[in-house]
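In the working numbering, the protein residues as written are 63 to 191.
Data first, discussion second: the structure below is written as structure tokens.
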Amino acid sequence: MHPSGASGRTGANMIVVVEGISAAGKTTWCRSHAGEHLIPETFPSDRGNQPAQGLATARYWTDWNVKRWGDALAMEAARGLAVCDTDPLKLHYSWTLFQAGAGQRAQWELQALFRVSTYGSRLADCLRE
Numbered sequence: 063m064h065p066s067g068a069s070g071r072t073g074a075n076m077i078v079v080v081e082g083i084s085a086a087g088k089t090t091w092c093r094s095h096a097g098e099h100l101i102p103e104t105f106p107s108d109r110g111n112q113p114a115q116g117l118a119t120a121r122y123w124t125d126w127n128v129k130r131w132g133d134a135l136a137m138e139a140a141r142g143l144a145v146c147d148t149d150p151l152k153l154h155y156s157w158t159l160f161q162a163g164a165g166q167r168a169q170w171e172l173q174a175l176f177r178v179s180t181y182g183s184r185l186a187d188c189l190r191e
């Protein structure tokens, strides 16, 4: 990967997100091509104790996703390029679960509302750091 972007431009910082369906090879591609610019897909160490549903679940995952976005911003600032193995904000995740019948509409709506109210201020904080 070229830190100045695929076009070879200089001075252009960038965050690239590699996203796709499960088991499509995103992680393999990222490990092969992103090198020191990789923001790996990670999960909280206490994931087994995560809240099952409701506002606590929305807050739990939003906090983690904002952390991953902050990691991407820090990498971009330090090295000019960050390559994220999956969307660090996971904006699609609860909607996909709901659409596939594996999640409840109420949880998707709650997650969406919580993200809208949280991301604005929390992402702004990441940008200022």
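Don't be surprised by glycine CBs; every beta carbon is placed ideally from N, CA and C.
Being a predicted model, the structure only gives us computed values, none of them experimental.
For residue i, the first and last residue of its enclosing alpha helix (DSSP H)
i	result
tryptophan 144	Note on identity: in this sequence residue 144 is alanine, with tryptophan being the wrong assignment. Taken as a continuous stretch (DSSP letters only), alanine 144 belongs to no alpha helix (DSSP H), being part of the beta strand (DSSP E) at 143-147.
lysine 88	88-95
Burial state of residue i, where buried means 16 or more other Cβ atoms lie within 10 Å
i	result
leucine 175	exposed
valine 145	buried
asparagine 38	The structure shown has nothing for residue 38, since the chain only spans 63 to 191.
aspartate 125	exposed
valine 80	buried
valine 178	exposed
arginine 130	buried
glutamate 98	exposed
leucine 153	exposed
threonine 90	exposed
Distance between residue j and residue i (C-alpha atoms, nearest Å)
i	j	result
serine 107	asparagine 75	30 Å
asparagine 111	serine 156	18 Å
tryptophan 170	serine 84	20 Å
histidine 64	leucine 172	Model confidence at histidine 64 stands at a pLDDT of 45, short of 50, so the residue's coordinates are unreliable and nothing is read from them.
glycine 82	arginine 93	15 Å
alanine 134	leucine 151	11 Å
alanine 96	arginine 109	26 Å
glycine 163	proline 102	28 Å
CB contact check: residue i to chain D, cutoff 9 Å
i	result
alanine 134	Absence of chain D from the displayed structure is noted, only one protein chain being present.
Proximity of residue i and residue j at Cβ, strictly below 9 Å
i	j	result
glutamine 115	glutamine 161	no
Worksheet entry | Uninterrupted beta strand (DSSP E) stretches inside the segment 104-186 (no shorter than 3 residues) | Inside the segment 104-186, DSSP marks whole beta strand (DSSP E) runs of 3 or more residues at positions 143-147, from first to last along the chain.
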